[in-house]
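Reviewing the structure listed below.
In our numbering, the protein residues as written are 472 to 670.
Here it is in C-alpha cells:
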C-alpha cells in the first residue's frame, strides 16, 4: 500500500496493480476495507432503479462489484486498466460485461450508456487523477448519479473537494450524499464518500 501513493504515471500504476492482483483482496480486505460497502449503500439509497445497468469504473479485483451486488444492483459492468486485476474479478461471477480500459483512454464506453456510475476508491493520489471525475460526470445522462470516494491522503489536497463543490456551486450537480467514515479501519484510515446527481 505504501507504494501506491508514490505512483506518478499510468504505466507505473498499471504495473503495480498487475503485480498486486494476487494478494490485493487479502491485503486490503484484511484491513476491513469499508469504502465499497459504504459507497454501494449510499448509491442504492439515492437512486430509484437498481435494475438499470451500472458501471463499476476501476473495478479492480471486483470487491466494489461485490458490494454493489450486495446492495441490490442487478446488472453490473466493470472496467479497469489492470488485466491481472480483471482476471480475479471475472472469477467472482459478478459482472455482466467486463473489459480492460486503456490508461490513455479509460472512458471507453458510449456517454449515456449508464444511468449510474461507481468509481469506488479510484479517484485518488496513486490512482486516477481528478480529471477522471470530469470525464465520468460528462458521460452521465441528466438525472444520473455517480458515487465516488476520496481517502485521507487524497483529501490532503484541497483540489479534490474543490472540484466536487464546483459542480454543486455551478448547479451542474446536486450533492445527494457526503459522509466521512471508515476506509481501512485496520490501519485507522478514513475516507469521504460522495454521491453527485447530474442536473
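Glycine residues also receive a C-beta, built at the ideal position from the N, C-alpha and C atoms.
Item	Value
Candidates 600, 521, 570: closest to residue 530 by CA position	570
Cβ neighbours of residue 583 in the same chain (closer than 6 Å, five flanking residues each side left out)	612
Reduced DSSP category for residue 509 - H, G, I as helix; E, B as strand; rest coil	helix
Neighbour-count burial assignment, residue 654, 16 or more Cβ in a 10 Å radius	buried
Nonlocal neighbours in the same chain, by C-beta distance under 6 Å from residue 659, ignoring five residues either side	none
Within 9 Å, strictly: CB atoms of residue 560 and residue 533	yes
Secondary structure, beta strand (DSSP E): runs of 3+ residues fully inside the region 512 to 555	525 to 528, 547 to 551
Residue 641, buried or exposed, once every other Cβ within 10 Å from all chains shown has been counted against 16	exposed
Same chain, Cβ closer than 7 Å to residue 604, five either side skipped, listed in chain order	594, 619, 634
Residue environment, residue 592, which counts as buried when at least 16 other CB atoms sit within 10 Å	buried
Contacting residues, own chain, Cβ-Cβ under 6 Å from residue 663 (five flanking each side not counted)	621, 651
Extent of the continuous alpha helix (DSSP H) run through residue 648	Careful: residue 648 lies outside any alpha helix (DSSP H), inside the beta strand (DSSP E) at 644 to 655.
Which listed residue (565, 567, 573, 564) has its alpha carbon closest to that of residue 553	573
Other residues of its chain near residue 537: CB distance less than 8 Å, five sequence neighbours each side excluded	507, 563, 565
Spatially closest choice to residue 644 from 630, 624, 623, 608, by CA coordinates	608
Close-in-space but distant-in-sequence residues of the same chain around residue 568 (CB under 7 Å, 5 per side omitted)	548
Rounded C-alpha distance that separates residue 505 from residue 656	8 Å
Residue range of the beta strand (DSSP E) that includes residue 665	660 to 669
CB-CB length for residue 523 against residue 586, believed under 8 Å	5 Å
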